[in-house]
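**Q** The structure under discussion is supplied below as structure tokens; questions concerning it will follow.
Numbering (our numbering), first residue to last: 5 to 594.
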């Protein structure tokens, strides 16, 4: 009976030990126990995995296998320690260590290890997520635009302070509330674009007016999709455009005001031009005179370009007369191409007494001195000699002049206007005009178009000159309106000056009160011969086509100028039948 009981108990004990061993092996935490000598007696799979060893370590000294455990210290102190942190093989372990006490005797020590590596990773990730959330919160709150986020049903999740400022509603009126409620309450006065973005799954933008604050806002609703492609969130951006709208209105009013001022300035300019008896009708010349008047408000050097007779001198006087220099100084002009070089220097810079034979014994101021505080027009500047170009450049750079025979500089305050009918840049490239002087003069270039390119000015100029010479010669004559097309068709190589001369001659030589088209044509023919002006060609054409165009134009001009086809044919140098045939070809009727 006794032996049977012993066998039973041993079997029971063995079963219990096996069960305990299975439990020990399946515990996820590492467990290791040592005896009083520091040798390992118990170790489970989790510990072996962490140490990278197998169970062959039982019986070995733990100080050799796992010195970080410090279990021998526990057998010496007999104290339990909790939360001991160990870094082992890339793992972070937390261990609780206790002495094994049997019959008041420390027979060993046991340690339980928990691998905290994954938990630490999760903790770091959580910390990163928290930091990211803080940064996102800071970004959202720092936005000057209002931001509101809704869920997939249109309920408010969060708003920033800017949204509360723009709408006048704090978070309690928005979070957890359906966005449609705000429209039903009349806070937003138009359709809910949040619901529209949810429904249509696309970005919607709309201008809204907020009743609580009276602000006009631009709202943009952007849907956010989950991995299945469903709308999970809608982010609303609310931008205050009330100030922008006000600025836009102010800008519109400013533009209207500027337009009105521009109109008034144009009218004032026209009045000033009429007062100075300057005739301007074409848009191109209006722009040029407008530019000239604006230029007059500065002291910058002006370079006037254009053919002879286009009105460069008139334009230079306008610049002077509309500037503040008109009240302080004189308008002085000198034609650099009309005065011999040996005299031009003394005319420009003046001379002291005894500077040369025949000089004024008291000396003489030059044009620069005479123009002090005023304006000096250097006409035909392109004809200036190389030596005088150097001296002129120095005067422009130093703003002072030396008289011939003088040793003291004379300080100047002169506005320079240069004018030329030459292509001055070609002269620079050819080496006959100094490039540095060109750049000194070419600060504000103004190119005056020839009269043939501004035919709108021909009629008003004609009327002006007829009135002028009627008054001058004490006659009463007028021009047949049929003569105007003849004047407009002419190329005017001498420009306004030629037109003026032609009209003066017509008023002098015409005996009748009405100047006929034929008389105009005769005078223009004389001027054509005198000037030998070339035909103006604006584009390359086939020779035959150009010839036909010229024939047609000449026949029309002859028919308009002469009373009979026979007379027109005579002027054209053709026989009567030939002219009739060509007129029929071009569809010209007399």
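Just so you know, even glycine gets a beta-carbon here, dropped at the ideal spot from N, CA and C.
Rounded to a whole number of angstroms, what is the C-alpha to C-alpha distance between residue 289 and residue 414?
**A** Roughly 38 Å separates the two Cα atoms.
**Q** Would you check if the region 349-356 and the region 308-327 touch, i.e. whether three or more CB-CB distances between them fall below 8 Å?
**A** No, because fewer than three Cβ pairs between the region 308-327 and the region 349-356 fall closer than 8 Å, the two stretches do not touch.
**Q** Does DSSP classify residue 586 as helix, strand or coil?
**A** Three-state result, residue 586: helix.
**Q** Which of helix, strand or coil does DSSP assign to residue 431?
**A** Residue 431: helix per DSSP, three-state reduction.
**Q** To the nearest angstrom, report how far apart residue 202 and residue 220 are at their CA atoms.
**A** Their backbone Cα atoms lie some 23 Å apart in a straight line.
**Q** For the beta strand (DSSP E) that contains residue 547, what are its first and last residues?
**A** Where residue 547 is concerned, there is no enclosing beta strand (DSSP E), although the alpha helix (DSSP H) it sits in stretches over 547-565.
**Q** Express the C-alpha separation of residue 252 and residue 215 in angstroms, rounding to a whole number.
**A** Those two C-alpha atoms are separated by around 22 Å.
**Q** Quick one: what's got a C-beta closer than 7 Å to residue 64's C-beta in the same chain, skipping five residues either side?
**A** Excluding residues within five positions, the ones whose Cβ falls inside 7 Å are 43, 44.
**Q** Residues bridged to residue 89 by DSSP?
**A** According to DSSP, residue 89 bridges with 98.
**Q** Going by beta carbon distance, what residues of the same chain come within less than 8 Å of residue 31, once the five residues before and after it are set aside?
**A** Within the same chain, residue 31 has close Cβ partners 48, 50.
**Q** Taking DSSP as the reference, what is the three-state secondary structure of residue 440?
**A** Reduced to three states, the DSSP call for residue 440 is helix.
**Q** Between the C-alpha atoms of residue 533 and residue 505, what's the straight-line distance to the nearest angstrom?
**A** Note that residue 533 scores 43 on pLDDT, short of 50, meaning its location in the model is unreliable and no value can be drawn from it.
**Q** Since residue 213 is in the beta strand (DSSP E), which residue starts that stretch and which ends it?
**A** Start and end: 208-213.
**Q** Assuming residue 97 and residue 55 are in contact, meaning their beta carbons sit under 8 Å apart, how far apart are those beta carbons, in whole angstroms?
**A** Rounded, the Cβ-Cβ distance is 10 Å, inconsistent with contact.
**Q** Would you please state the rounded distance, in angstroms, between the beta carbons of residue 375 and residue 336? I believe it to be under 8 Å.
**A** Right, their Cβ atoms sit about 4 Å apart.
**Q** How is residue 45 classed by DSSP in three states: helix, strand or coil?
**A** Here residue 45 sits in strand by DSSP.
**Q** Going by beta-carbon coordinates alone, are residue 416 and residue 469 separated by less than 9 Å?
**A** For residue 416 and residue 469, no; Cβs fall outside 9 Å.
**Q** Helix, strand or coil, according to DSSP, for residue 108 in the structure here?
**A** In this structure, residue 108 counts as coil in the three-state DSSP scheme.
**Q** Between the alpha carbons of residue 577 and residue 400, how many angstroms are there, rounded?
**A** Answer to the nearest angstrom: the Cα atoms are 57 Å apart.
**Q** What number of angstroms, rounded off, separates the C-alpha of residue 322 from the C-alpha of residue 482?
**A** Their backbone Cα atoms lie some 29 Å apart in a straight line.
**Q** Could you pull the start and end residues of the alpha helix (DSSP H) that residue 229 belongs to?
**A** Premise fails: residue 229 lies in the beta strand (DSSP E), 220-229, not in any alpha helix (DSSP H).
**Q** Could you check the C-alpha separation between residue 144 and residue 163 for me, to the nearest Å?
**A** So the alpha carbons of these two residues sit roughly 8 Å apart.
**Q** Quick check: the region 583-594 against the region 513-531, are there 3 or more CB pairs under 8 Å?
**A** Verdict: no, contact absent.
**Q** In terms of DSSP beta bridges, what is residue 355 paired with?
**A** Per DSSP, 368, 408.
**Q** On the criterion of 16 or more Cβ atoms from any shown chain inside 10 Å, does residue 581 qualify as buried, or is it exposed?
**A** Residue 581 should be labelled exposed.
**Q** Report the residue from 498, 258, 366, 437 whose alpha carbon sits nearest the alpha carbon of residue 389.
**A** Ranking 498, 258, 366, 437 by Cα distance to residue 389 puts 437 first.
**Q** In whole angstroms, what is the alpha-carbon distance linking residue 178 and residue 172?
**A** Those two C-alpha atoms are separated by around 11 Å.
**Q** If you measure between the beta carbons of residue 492 and residue 519, is that distance less than 9 Å?
**A** Not in contact: residue 492 and residue 519 (Cβ atoms no closer than 9 Å).
**Q** Within 10 Å of its beta-carbon, does residue 383 have 16 or more other beta-carbons around it, so buried, or fewer, so exposed?
**A** Buried, by the Cβ-count rule.
**Q** Pull up the distance between the alpha-carbon of residue 546 and that of residue 490, whole angstroms please.
**A** Cα to Cα, residue 546 sits roughly 26 Å from residue 490.
**Q** Sort 485, 346, 228, 420 by Cα distance to residue 467 and report the nearest one.
**A** Answer by Cα proximity: 485.
**Q** Using 10 angstroms around the beta-carbon of residue 167, count the other beta-carbons present and answer buried if the total reaches 16, otherwise exposed.
**A** So residue 167 counts as buried.
**Q** Go through its chain and collect everything with a Cβ distance to residue 368's Cβ below 7 Å, but skip five positions before and after it.
**A** Excluding sequence neighbours, residue 368 sits near 354, 355.
**Q** In the DSSP output, what is residue 424 paired with across the bridge?
**A** Paired residue(s): 309.
**Q** Excluding sequence positions up to five away, which residues of its chain have a Cβ less than 7 Å from the Cβ of residue 197?
**A** The residues are 208, 210, 223, 225.
**Q** How many angstroms separate the CA atom of residue 60 from the CA atom of residue 139?
**A** So the alpha carbons of these two residues sit roughly 53 Å apart.
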